[in-house]
Amino acid sequence: MNRTLRAVLVATSAATALGAEPALAANCANVSFSPGAPATITYDPIKATQSATTTFTATLSGFASNDKKYILILTDADTGTPLRIGTTGPIYTITSGATTVSFPKNTTAVSSGVAQSDKAVTSPSFTVALPVNSSGQDFVGGTQCTENLGYSLQCFFANGNSSGADTGSAVSLTTSIASVLSIVTASPQTLNFGNFTTTSQTLQVSLKSTSTMSVSVSTVNGSQMVLNGAVSPFPTNSTIPYTMTFAGSAITAGSPQTVSRAGVGGNTFAFALTLPGGVPSGKLPGTYADVITLTIVPGP
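Residue numbers (the working numbering): -8 to 291.
Below, the structure written as structure tokens:
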């Protein structure tokens, strides 16, 4: 008698978002940054296909009449690399065109090596990019990280000599770690009791998540395997009841269970079925089956 139970896994995800605020200052030239809040950066550290970006623009004016060129870079609040939004947030870079213009704190425009810009270019645009989490860093969903950027500006005469330098506040970047999850074993799986050499079967479910997870379950036949071809209402000799646990805790239809965060690197959780009555007896011969659907979503 072949008795088979199939488990179907379903996942959904949700993300949150937040904004950023600017600052401005001026010296060898007047510098302002816009928009007032660069567009929201929402970061999904599990996604492995594209980076998250936002843009802003600087406006420079009030150069001395004999100034010819300038260098403008953005500086982090920390002195180390790689640059992160906040102390422990995602890694980021800032570019203007194809040139990287983001550097650690105390970097000066003269020492940065960034190509000079002609004074006629008075509205350079900047792109902030949070690259794919290729290093597998772990982040907690819902966490907000903020980086207060400064700037370093160097002006030059037409002969190439320095005509003055300035530092000041630029913009404030803020990002939110998305509450997301990914199911590695997302295809239908089978739990097979065979000829009942055991009264329990376990399936390992591999998950990645930035937050806690809410796991709910539904079954086609009401938490019982039913004889193939049996007609409802199913007689006792045509059903085999079972109980379920997920991550070591009992789970029943209609009662979602909160499960600990799997982490960005992932973790494995046991989904187990047990026959509470022991080895079945007095059942009609044939194939018994049920279909279980696990729905797993990011928790609060």
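Quick reminder that beta carbons are idealized off the backbone N, C-alpha and C, glycines included. As the structure is a computational prediction, the values presented were derived from the model and not from experiment.
- Message: If contacts are defined as beta-carbon pairs under 8 Å, then P317 and V162 qualify, I think. What distance do you get, rounded to the angstrom?
- Response: What is shown of the chain runs -8 to 291, which leaves residue 317 out entirely.
Buried or exposed by the 16-neighbour rule on C-beta atoms within 10 Å, applied to A261:
exposed
*Around the Cβ of Y279, are there at least 16 other Cβ atoms within 10 angstroms (buried) or fewer (exposed)?*
buried
Item to complete: Run through the segment 103 to 162 for me and flag every whole beta strand (DSSP E) of 3 or more residues, listed as ranges in chain order.
Response: 116 to 121, 135 to 148
ask   = So which of S207, S167, T166, G104 has the shortest CA-CA distance to S143?
value = G104
- request: Taking only the alpha-carbon atoms, compute the straight-line gap between T203 and T33 and give it to the nearest angstrom.
  value: 18 Å
What is the DSSP secondary structure of S229, reduced to helix, strand or coil? helix
Worksheet item: Would you call the segment 192 to 199 and the segment 246 to 259 in contact, with 3 or more CB pairs under 8 Å?
Response: yes
Excluding five sequence neighbours on each side, which residues of the same chain lie with their C-beta closer than 8 Å to the C-beta of N97?
T66, T70
Tell me the start and end of each unbroken beta strand (DSSP E) in the segment 51 to 94 that is at least 3 residues and wholly inside, in chain order. 58 to 66, 84 to 87
- Query: Counting pairs of Cβ atoms below 8 Å between the segment 156 to 170 and the segment 125 to 144, do you hit three or more?
  - Reply: yes
Beta carbon of L264, beta carbon of M235: below 7 Å?
-> yes
**Study point:** Nearest-angstrom beta carbon gap, V255 and Q370 [assumed within contact, 8 Å]
**Key:** For residue 370 there is no data in the structure shown, the boundaries of the chain being -8 and 291.
**Request:** State the Cα-Cα distance for the pair P224 and D281, rounded to the nearest angstrom.
**Result:** 15 Å
Could you tell me which residues DSSP puts in a beta bridge with V217?
T230, A280
Mind the definition here: the segment 105 to 121 touches the segment 42 to 51 only if three or more C-beta pairs lie below 8 Å; say whether that holds.
yes
- [ ] Tell me whether V101 sits in a helix, a strand or coil according to DSSP, three-state version.
- [x] helix
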